[in-house]
Every structure is written in structure tokens, then in C-alpha cells.
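Position 169 (the sequence shown) corresponds to 168 in numbering that gives the first Met the number 0; numbering is contiguous. Note that beta-carbon positions come from the ideal geometry of N, C-alpha and C, so glycine has one too. In what follows, a single structure is set out as C-alpha cells and then discussed.
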Amino acid sequence: MRSAPFSLTCALEQITHSEWASEDAYSASAGSGVSKSTVPGASFKRLPFNFCAVSLQPFEHPVCTADGTIFDLTNILSWLEKHGTNPISGLPLKLNELIKLHFAKNDDGDMVDPVTFKVFTDNTHIVALKNTGNVFAWDTVERLNVKARMWRDLVSDEAFSRKDIMTLQDPQNVGSRDLSSFKYIQDGVGILTGEQQKERNDSSRTVNTEALGNAARILKAKEAVARARKQRGEDLNNNPALPGSKALTMSRNATSTQTSSAHTTKQVPYNAAQHTTGKAAASFTSTGLTPHTSGERALLTDEEYMLKPRRVKIKGYARLHTSLGDVNIELQTEYAPRAVWNFVQLSKSGYYKNISFHRNIRNFMIQGGDPTGTGKGGSSIWGKNFPDEFDGPLTHDARGVVSMANKGKNTNSSQFFITYRPAKHLDRKHTIFGRVVGGMDTLGRMENARVEEGDGRPVEEIVIREVVVFVDPFEEFLRTVRILGKVAALRGETATVDAGGVLVVLLNRDSHLVPDNAVEIVGKVQQDLSVKVFQATDFGANIDYAAANAVVDATHRYREIFYETND
């Protein structure tokens, strides 16, 4: 009689906590395990946009069906040879129904929109054209094709219709990317090739379960648990009283709809900063301020907005008039916007006028830009030193590279130097902001000039008479924006014109100068430039300054159209 309690105790000690708390537990205290598997949407798993829908791995050779389901060509071929159906829907599918996709990539290997170069993410609305296979962001197609009524591929210039637009990913319809809704996963159909399946079957038959000992019992127990889970799941799905009932599902859907409709997305201005204005915090701690309950984002000035690397890609051009001749410099705004802005503004203010080069070392470089002539002076346009800019591919790899001189890390001011030969040891120590594109003979005369021993100061002063800025990249950038504002105005859009300042006044004043067929001319230029001009204008919203770089080549052509003058 006393042995029974002892046996029961031993049996209880062999049941682990995970077994009590698992989904197999079926009692009043096992609610978490049961509800976990029965709540609607609990099994939702999203397939990333760059994954093959049949292999569940990143694709290398993407193809898609007419409904926008993407497969890797190798994997879908294996499936079609074996089943001949669409693995997602189960409907018949033929090889000739697949459409080859063309994804554009940036220098980092990320998939991007070929027009705006915005990187695709799992939250991007992605579409493709059925007749060409080119992939775009929906925003691009909607703005440049649908709204503009210009039904030509933005890459290949082939004609297409609205029915050729296929949706590959819609963040508002994530159900189409739900793995649990894929038929082959619901049916438990394997996607292994014949050789892989044969290898797996052969390996399973070679396992000697008798030699596994305790492991064999564990394998058998797992199989029994799997069978029990499957049977229990079928029973629970048939129980209308459990959380998976239709009434609960409808209630949850209604609540979700109300919640989503209650939240509206406020349009963020193009020049919105990452930080807020701080008004909410200030008004919360001070009774003397007007209460603010929202975290309104601060707005950047034009200078702050344009001085972000890779935002302004227009190159600038300046000429150094020296006592030995002229030197023409091309300014690399894309990778060193602060250094270029500093040089341009100082030059236009006359800061470099009559300043001498104070250091000249043959086979190395010539340095200037210090009003004191000692190499210890100089000030930036901001009145203080500004940081280095090394985020770019520029190197000191040739004669004529123009870089900022400094006294250490982040100590750039007004001094600069021009190299006489490659100087790779200066890379990532000095900010490169330009290169000599004309006047190499003048540079040669500078290098051969006599200098004092020791400090390298020229015996006869080499004076910068004046620095003339022929192309201010930042002015060209803003001028392009103003021109785009006029384009928007001609199309009957007024919301974008405000971003151009006085464009409405200019348009009204000079309306007689605008040709009657201006809209047609704009369309012609638009087509000639592969529609890049209109990627800079978001009709009905704000002008995207960053995208305006794409139309720099068209600036002069638009100027002829909109700024025509009568003789």
C-alpha cells in the first residue's frame, strides 16, 4: 500500500515544466497554450519583398505571375516540373505565364526605384510593368505616369496601359504576403527536388532506432505529441465557443477598422528635421508659454537642408586669378557640401582677394587662403571651424586635387591647398572639395617658383587677385526649384508654387512671354530627359529639393522657355 504514493511521486517528477505549460496542456489552467494557437492572425508571418514565395529565400533571378507573386526562376521551374500549378493559389500555371522582373540596384547592392533611387523596404508599395518587367515604386508611377497621363515606361520608354501595372507589394494589403495563406504550406507539400527528397528518404531509412537508446524514445514521443497537436487543433477549430469563432473575428476586424480610421497621417514637409521644435516640452514646464500638445518637427533652413552630403549633386566652377595666371576649379558639392559652401561664400564676399600663397613645396602642394600670410590665421564663413567630410569616394590620387588645410581633426577654416602629385597619405585627413580642370600650365609655374629654404615660402609672392565663381551649385539648385515651381503652375497646381517664393508674381507679370504651347514643350522636354525633370516635383504637395538635382542638365532649356525676353 505504501509503494503507490512512491510510484506516483516518481512519475510526477519526470514531467517537466515545459510539458505542463505547452500547447498540449488541456485544462482550465492551460489557457495561454490554447488561445495562442486559435486567436485569428496569431500565425501571421510576412514574406519579405525580396524573397522567393516557394523557397522562402532571397531570389537571384526574379520572375512573377500576373497577380504579382514573385518566385526565383530556378525554384519555380522545379515546382512546375513536378506539380504544374501555382504553389500559392493551387491554380494551374504554365512557364510562359511567368514575367521576368528587372530590379534596379544602387552602389550598395540595395534594390531601388530606378527614377528616384529610393531604397525598397518591406513597407514600400512596389509595382512592375507587365510588358517590360521593370520595377518601380508606386509613388513614382502614380506621379510621373498616371497623374501626368504619360503612359510610357520611365526606363525603356516603351508604351504601356494601366492594366499592365502589377502590384508586387502593397503595405496596405499585407495579407497577400502571409505565409500561412500559401496553399503549399497549408497542404504541407515539400519543395525539395527529386534528388534532395531521395537523399532525405535514404538517410531516414539508414537510422537504426534500436541503437539510439533513450533518443529513440524521445523521437517516438515527439511524433506522438505532433499527432496529438494536429488532432486537438482540428477539434478546437470546430468549437464555436472558442476565440476562433466568427463573431469574435468580426468584432476584432471592426475594432481594427475603427482604430486605423482614427489615425491619420500628417504630411511631413520636405525640410523637416529629425528633432522637434521643443514647444510641447517648454509649454509643459512653463506657464508663461502657449500650451502645445503635439511634437511638431522643426524645419530646416535652405542652408541646413542643402548641406547634407549627396543632396546637392550639381558641380560648381570657380576661377582663381593669380599673379602667375588663371586656375579653373571644379567643386565637388556632392561629397563635401560644407567645404564647397564655405569656399563659394568666402569667394563671393571677396575674402580671398589679394591673399598670397604662403607655402609652396615642389612635388607636393601649394597652400593659401590665410589673410595673415602666416599659415595660422583664417576663418570660415560661419566664424568657426567646421567638421571634416570624408564620406565619399574622393582621394588624393592625382595632380590638381583641391583640399582643405587644417590643424587637426575638424579644424577646417578658410585655408586650402592644391596638390602637385598624388598624396594618398592625406586621404581621410583632409577634406577634398575640388579639382583643377583648367590652367595646369599655371600650376606648373607655381610649382617651379623659387621658395625660401626651410618654410617653403615663395620668394616672389604668388597672389590670388580674385576668385570668381562661375557656377554656384547652391544657387543653381534653388533656381531649378523655382523653375519646377513654374512647371507646376502651368499645370494648374498652386500648392507647389508657394515653395518657389515669388513665382506666382513672376508668372503673372511675364505671362505674355510664356508661349501658348508651353505645356506641350514641357512634355517634349520631359520625354527627352527620360521624365527625370518631373521627379523633382510632387504635384499637390511640396517640391522635393533633393530630387531637383536630376534636372540640372535641363535648367538652361527651361530658362529659354520660361524666362524669354523681348528684344
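For residue j and residue i, the rounded distance between their alpha carbons
i: Val400; j: Ser346; result: 18 angstroms
i: Ser378; j: Ser402; result: 16 angstroms
i: Ala422; j: Gly438; result: 20 angstroms
i: Asp138; j: Trp381; result: 39 angstroms
i: Val450; j: Lys352; result: 22 angstroms
i: Ala404; j: Leu477; result: 29 angstroms
i: Lys44; j: Phe181; result: 11 angstroms
i: Pro61; j: Asn144; result: 24 angstroms
i: Ser28; j: Gly174; result: Caution applies to Ser28, whose pLDDT of 49 falls short of 50 and renders its modelled position unreliable; the model cannot decide the point.
i: Gly368; j: Ser413; result: 6 angstroms
i: Tyr419; j: Asn447; result: 11 angstroms
i: His320; j: Phe415; result: 15 angstroms
i: Ala223; j: Leu153; result: 58 angstroms
i: Thr120; j: Ala136; result: 10 angstroms
i: Pro113; j: Thr394; result: 28 angstroms
i: Glu141; j: Lys408; result: 46 angstroms
i: Leu323; j: Leu442; result: 9 angstroms
i: His82; j: Gly89; result: 9 angstroms
i: Glu452; j: Thr115; result: 55 angstroms
i: Thr84; j: Phe48; result: 22 angstroms
i: Ala158; j: Ile75; result: 29 angstroms
i: Leu92; j: Lys312; result: 47 angstroms
i: Gly67; j: Gly132; result: 11 angstroms
i: Ala473; j: Pro386; result: Strictly speaking, residue 473 in this sequence is Phe, with Ala absent from that position. Their Cα atoms are separated by approximately 20 angstroms.
i: Cys51; j: Leu94; result: 16 angstroms
i: Arg361; j: Asp106; result: 37 angstroms
i: Phe389; j: Asp301; result: 23 angstroms
i: Ser179; j: Met165; result: 23 angstroms
i: Asn384; j: Gly376; result: 12 angstroms
i: Val470; j: Asn327; result: 12 angstroms
i: Pro308; j: Phe342; result: 16 angstroms
Exposure label - residue i; buried when at least 16 CB within 10 Å
i: His424; result: exposed
i: Asp340; result: In the sequence on display, residue 340 carries Trp and not Asp. Trp340 should be labelled buried.
i: Trp78; result: buried
i: Thr286; result: exposed
i: Glu303; result: exposed
i: Asp71; result: buried
i: Ala338; result: buried
i: Asn359; result: buried
i: Glu475; result: buried
i: Val466; result: buried
i: Glu80; result: exposed
i: Gln185; result: exposed
Supposed contact pair residue j and residue i - C-beta distance, whole angstroms, cut 8 angstroms
i: Phe432; j: Gln344; result: At roughly 13 angstroms, the Cβ-Cβ gap does not stay under 8 angstroms, so Phe432 and Gln344 are not in contact.
i: Val134; j: His101; result: 6 angstroms
i: Lys104; j: Met110; result: 6 angstroms
i: Pro86; j: His124; result: So it is not a contact: roughly 24 angstroms between Cβ atoms.
i: Ser348; j: Val462; result: Contact doesn't hold; Cβ gap of about 18 angstroms is too wide.
i: Ala281; j: Leu288; result: 6 angstroms
i: Gly315; j: Val468; result: 7 angstroms
Limits of the unbroken alpha helix (DSSP H) element including residue i
i: Ile75; result: 72–81
i: Thr441; result: 439–446
i: Val140; result: 137–140
i: Asp396; result: No alpha helix (DSSP H) holds Asp396; DSSP gives it neither H nor E.
i: Glu303; result: 301–305
Residue interval of the beta strand (DSSP E) (run including residue i)
i: Asn359; result: 358–360
i: Glu465; result: 462–470
i: Leu298; result: 296–298
i: Leu128; result: 125–128
i: Phe415; result: 415–418
i: Ile61; result: Going by the sequence as given, residue 61 is Pro instead of Ile. 61–63 is the extent of the beta strand (DSSP E) around Pro61.
i: Ile87; result: It is not in any beta strand (DSSP E) - Ile87 carries neither H nor E in the DSSP assignment.
i: Gln366; result: 364–367
Contact test: residue i Cβ vs the ligand ATP heavy atom, cutoff 7 angstroms
i: Leu345; result: You won't find the ligand ATP in this model; it holds no ligand whatsoever.
Ranges of the beta strand (DSSP E) found wholly within the region 147–196, counting only runs of at least 3:
Fully enclosed beta strand (DSSP E) runs of 3 or longer: 164–168.
Sequence ranges, beta strand (DSSP E) only - wholly within the region 310–343, length at least 3:
Listed in chain order, the beta strand (DSSP E) runs fully inside the region 310–343 are 315–321, 324–330, counting runs of at least 3 residues.
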